[in-house]
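Chains as they are written, first to last, in this note's numbering: chain A, 96 to 486; chain B, 1009 to 1296.
C-beta atoms are modelled at their ideal positions from N, C-alpha and C, and glycine is treated no differently.
Only a predicted model underlies this, so the values are computations on that prediction, with no experimental measurement involved.
The next block holds one structure in the form of structure tokens; read it before the comments.
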């Protein structure tokens, strides 16, 4: 694709998009509170992901933005205009539904033209053709949705929403029904289209990898509330709750108690079952009492024998290697440390293959700088991804 | 090579021993089906045959072949009047019952409201009530309210029992529709009114058409309820029944045969169209 083509297309679909502001929104279904006092701002032109397990209220939030549900309390503004109380067809918002919801009695072309016809737009045929070109489906314009594959239907649903140049494009798990390979391909495609048209995308998903690869900003939702919001790297490197630490990637978490403050160096000394572990004060949610000390598996390394830790490293152990999985790029070790539980360690296969065998006694070392501290009152395994949910 | 051949022979050689018995068993279903078909079709064949009878006073004995009855189907007094009445009643009741029944079906599937469960139950009542009871009750009601019996009362009665069948038929169709389709329409700026006419209604058409055909055929050949509620107004089934005592004119056979052929033609047409459509839908896929 040439730059001029993409530029003109961005023009054709209207760049910009509008900001979305959700203020103190609550949605209750009877006694069940699906969304609990949610406040959220999505800047215009950004790719925003709402990430959370099923039932966390992310889809309800999306439906309230679309106007398919009305909030029990709070306000929703799009582009600075309060749209609370207006109905779906009155909002400058379009949705790509999880089930695609293509109109089976209309051709692909008619499906894409549907929104434009309702809003009495001008130059409909040209815009429909542009929209279909954007998703590379121009040659299938006269087919009915039933004659398309899942991936093609997904792209029609996307084109049908995009041609309207909505202020806000909502994506409700749009890739959920696709197989893994196609999903990865569509992720890149979606990202490309978003950059090209420059609209505000709000993407709802339970797939943390999908959220991280695509979005500029990710909000992790749990039980109707936002646990943490930030760029994918921020959320990953510095989780603020055990839910985020476990739901977004994996984390090794151990319980401990703050015993000293090394204010000069900006560190906290934490006692973990008799071992002192250092946590940067700025990376800790709590600076006293019970805390959870965490580190990502790829930040950890194994110390074999009397191998000494480097400067500025925390050390835990000794423990026994219980499992070694060779994964090509890396090797994943499981290390059981008595009294502390199981730790995951990802080691890059720089030297080719696994270097430590099952049953070996090792210690764990990782840089103090990569350590994070969480509230000790939270459960260690909160948000651990259920294997069934993994794609 | 020979080994392969041997094995092929071995596998094909085994079944013939059991074949004759199985063949006999295989015959049972076709034979019974044929018998049942004959049993069902004899009265129809009789009706069609006697529409060509050169009847005198009664159309009970075969007196020779003629096309006169078909050339002049309105030859006998009142035949065509009754037929026209039945058509009128059928069309009007079908339109009213289909329109109301469709709305009820949509409401029952799409909305939660007080009395929904009760409505669901009551809808089945006209279907399960014996027609004699329904007819007698309606007659009693019309008499009490001093409604003059005739076209209006017949239509009212027919709408009453047709609506149940319409609701049941259309409901099945509405249930199979993805509610997200209507949401998608709303999301694409369609007002509720536009969403209904552009998305919901077109998708319901097959169900509505089936319901309308069913309603029409129920209304057209209803005798019991009609007999109670029609007074001196004559529909085709009532005409046939009344004239049975003094001999049914062959023109009645002509009209009956014509209706039978028409119904058959509609069924065949629908099947052919459906086949052509599924073929059209399948064709492009294979080219990919």
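Does the Cβ-Cβ distance between residue i and residue j come in under 7 angstroms?
i                       : j                       : result
residue 331 of chain A  : residue 344 of chain A  : yes
residue 1067 of chain B : residue 1245 of chain B : no
residue 146 of chain A  : residue 306 of chain A  : yes
residue 1171 of chain B : residue 1084 of chain B : no
residue 188 of chain A  : residue 269 of chain A  : no
residue 204 of chain A  : residue 223 of chain A  : yes
residue 442 of chain A  : residue 426 of chain A  : yes
residue 460 of chain A  : residue 398 of chain A  : yes
residue 152 of chain A  : residue 129 of chain A  : yes
residue 317 of chain A  : residue 338 of chain A  : yes
residue 468 of chain A  : residue 388 of chain A  : yes
residue 1228 of chain B : residue 1098 of chain B : yes
residue 230 of chain A  : residue 254 of chain A  : yes
residue 169 of chain A  : residue 137 of chain A  : no
residue 1109 of chain B : residue 1175 of chain B : yes
residue 1189 of chain B : residue 209 of chain A  : no
residue 405 of chain A  : residue 432 of chain A  : no
residue 271 of chain A  : residue 193 of chain A  : yes
residue 232 of chain A  : residue 264 of chain A  : no
residue 311 of chain A  : residue 421 of chain A  : no
residue 113 of chain A  : residue 298 of chain A  : no
Going along the chain, which residues of its own chain have a beta-carbon closer than 8 angstroms to the beta-carbon of residue i, five neighbours each way excluded?
i                       : result
residue 377 of chain A  : 361
residue 1081 of chain B : 1087, 1088, 1259, 1262, 1263, 1266
residue 1268 of chain B : 1052, 1055, 1056
residue 365 of chain A  : 351, 352, 353, 354, 371, 372, 373, 374, 386, 388, 468
residue 1096 of chain B : 1159
In chain order, what residues of the same chain lie with their CB nearer than 7 angstroms to the CB of residue i, ignoring the 5 residues before and after it?
i                       : result
residue 1168 of chain B : 1134
residue 219 of chain A  : 208, 211, 212
Around the Cβ of residue i, are there at least 16 other Cβ atoms within 10 angstroms (buried) or fewer (exposed)?
i                       : result
residue 234 of chain A  : exposed
residue 195 of chain A  : buried
residue 1213 of chain B : exposed
residue 454 of chain A  : exposed
residue 103 of chain A  : With a pLDDT of 35 at residue 103 of chain A, under the threshold of 50, the modelled position of that residue is not reliable, and the figure given next carries that caveat. The residue in question, residue 103 of chain A, is exposed, as its Cβ has fewer than 16 Cβ neighbours within 10 Å.
residue 1036 of chain B : exposed
residue 1281 of chain B : exposed
residue 1287 of chain B : exposed
residue 456 of chain A  : exposed
residue 408 of chain A  : buried
residue 309 of chain A  : buried
residue 334 of chain A  : buried
residue 1021 of chain B : With a pLDDT of only 45 at residue 1021 of chain B, under the threshold of 50, the placement of this residue in the model should not be trusted; the figure read from the coordinates follows. Burial call: exposed.
residue 458 of chain A  : buried
residue 1047 of chain B : exposed
residue 327 of chain A  : buried
Who are the Cβ neighbours of residue i in its own chain at under 6 angstroms, not counting the five residues just before and after it?
i                       : result
residue 325 of chain A  : none
residue 470 of chain A  : 380, 381
residue 479 of chain A  : 341
residue 1218 of chain B : 1177
residue 1100 of chain B : 1163
residue 349 of chain A  : 367, 388, 435
residue 322 of chain A  : 315, 336, 338, 339
residue 393 of chain A  : 441
residue 1181 of chain B : 1212, 1215
residue 1112 of chain B : 1175
Please report the residue range of the beta strand (DSSP E) in which residue i lies.
i                      : result
residue 445 of chain A : Where residue 445 of chain A is concerned, there is no enclosing beta strand (DSSP E), given that its DSSP letter is neither H nor E.
residue 461 of chain A : 456-462
residue 469 of chain A : 467-470
residue 427 of chain A : 425-432
residue 387 of chain A : 385-390
Residue i lies in the alpha helix (DSSP H); which residues open and close that run?
i                       : result
residue 1101 of chain B : 1087-1118
residue 1202 of chain B : 1200-1203
residue 225 of chain A  : 219-229
residue 191 of chain A  : Unbroken run through residue 191 of chain A is the beta strand (DSSP E), 188-191; no alpha helix (DSSP H).
residue 1237 of chain B : 1232-1237
residue 1131 of chain B : 1124-1136
residue 1211 of chain B : 1209-1228
residue 476 of chain A  : It is not in any alpha helix (DSSP H) - residue 476 of chain A carries neither H nor E in the DSSP assignment.
residue 213 of chain A  : 203-213
- Item | Runs of beta strand (DSSP E) lying entirely within the segment 142-169 of chain A, each at least 3 residues, in chain order | 142-146
- Enumerate, from N- to C-terminal direction, the unbroken alpha helix (DSSP H) stretches of 4 or more residues contained entirely within the segment 282-365 of chain A. 303-309, 327-332, 337-342
- Message: Threshold first: 4 residues or longer. Then list the alpha helix (DSSP H) segments lying entirely within the segment 1139-1198 of chain B, N to C.
- Response: Correct list: 1139-1152, 1159-1184, 1187-1195.
- Task: Return the residues of the segment 228-252 of chain A that lie within a Cβ-Cβ distance of less than 8 angstroms from chain D, sorted by chain order.
- Result: This model lacks chain D altogether, as its protein chains are A and B.
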